[in-house]
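Going letter by letter, the sequence shown gives residues 1 to 125 in this note's numbering.
By construction, the Cβ of each residue, glycine as well, lies at the ideal position given by its N, Cα and C atoms.
This structure is a prediction, so every number in the text was calculated from the model and none was measured.
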Amino acid sequence: MCFIFTCGETEFSKDLTGYEGVLCQCHNCGNYAAKVIKRNPWFTFCFIPVVPLSMKGYQDVVCSICRFAQPLQNRQDVVAQANGGGGGGMPLQDHQQGGPPQGWGGGTPGQHGGPPPKQQNMQYG
Numbered sequence: 001m002c003f004i005f006t007c008g009e010t011e012f013s014k015d016l017t018g019y020e021g022v023l024c025q026c027h028n029c030g031n032y033a034a035k036v037i038k039r040n041p042w043f044t045f046c047f048i049p050v051v052p053l054s055m056k057g058y059q060d061v062v063c064s065i066c067r068f069a070q071p072l073q074n075r076q077d078v079v080a081q082a083n084g085g086g087g088g089g090m091p092l093q094d095h096q097q098g099g100p101p102q103g104w105g106g107g108t109p110g111q112h113g114g115p116p117p118k119q120q121n122m123q124y125g
């Protein structure tokens with residue numbers, strides 16, 4: 001008679017209370033897609049969770065794009081953002097006053113309108 005048993009680890013996660021809807025910047029990839037979650041790892045026997053590996057769980061900031069995880073206590077900007085302080089959020093784009101608009105037909109910086117400079121022919125010898 002032969003029995004095959006499998007052992008492993010699985011993880012249950014959920015949004016951390018008080019941090020719902022808080023999005024912050026990932027310190028690995030730079031995207032604003034990191035959320036605060038609470039993770040609870042469990043030891044599994046035959047794919048059934050049997051023993052919790054941590055009683056309190058882990059509070060982490062996890063990026064939904066690159067899956068980079070960082071402990072919440074290392075991210076004071078996220079803690080300040082959840083407590084109503086400024087300290088975080090998505091930065092606004094810089095708005096420049098004066099001059100032509102940048103983009104198509106706006107010219108290069110330092111050159112306001114007019115034709116581009118004429119190129120010089122290469123000379124050999």
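Neighbourhood of residue i by C-beta distance below 7 Å, restricted to the same chain and skipping five residues each side
{"i": "Ala82", "result": "Gly18, Tyr19, Val22"}
{"i": "Ile37", "result": "Ser13, Lys14, Asp15, Leu16, Asp60, Val62"}
{"i": "Cys46", "result": "Phe5, Thr6"}
{"i": "Gly57", "result": "Lys38, Arg39, Asn40"}
Residue i burial status per 10 Å Cβ neighbour count (16 or more: buried)
{"i": "Asp60", "result": "buried"}
{"i": "Val50", "result": "exposed"}
{"i": "Cys24", "result": "buried"}
{"i": "Cys2", "result": "exposed"}
{"i": "Lys35", "result": "buried"}
Contacts around residue i, its chain only, beta-carbon distance under 8 Å, and the 5 residues preceding and following it disregarded
{"i": "Gly29", "result": "For the record, residue 29 in the displayed sequence is Cys; it is not Gly. Once the five neighbours on either side are set aside, the close Cβ partners of Cys29 are Cys63, Ile65, Cys66, Phe68."}
{"i": "Glu9", "result": "Pro41, Trp42, Phe43, Thr44, Leu53"}
{"i": "Glu11", "result": "Arg39, Asn40, Pro41, Trp42"}
Residue i versus the options, residue with shortest Cα-Cα distance
{"i": "Met55", "options": "Cys46, Lys118, Trp42, Ile48", "result": "Trp42"}
{"i": "Gln70", "options": "Gln123, His27, Ala33", "result": "His27"}
Contact set for residue i: own chain, Cβ-Cβ below 6 Å, skip 5 residues either direction
{"i": "Arg75", "result": "Val61"}
Near the ligand NAD: residue i beta-carbon under 8 Å from a heavy atom
{"i": "Cys26", "result": "The ligand content of the structure shown is nil, which means the ligand NAD is not present either."}
In chain order, which alpha helix (DSSP H) runs of at least 4 residues are fully inside the stretch 27-84? Taken in chain order, the complete alpha helix (DSSP H) segments of 4 residues or longer contained in the stretch 27-84 are 76-82.
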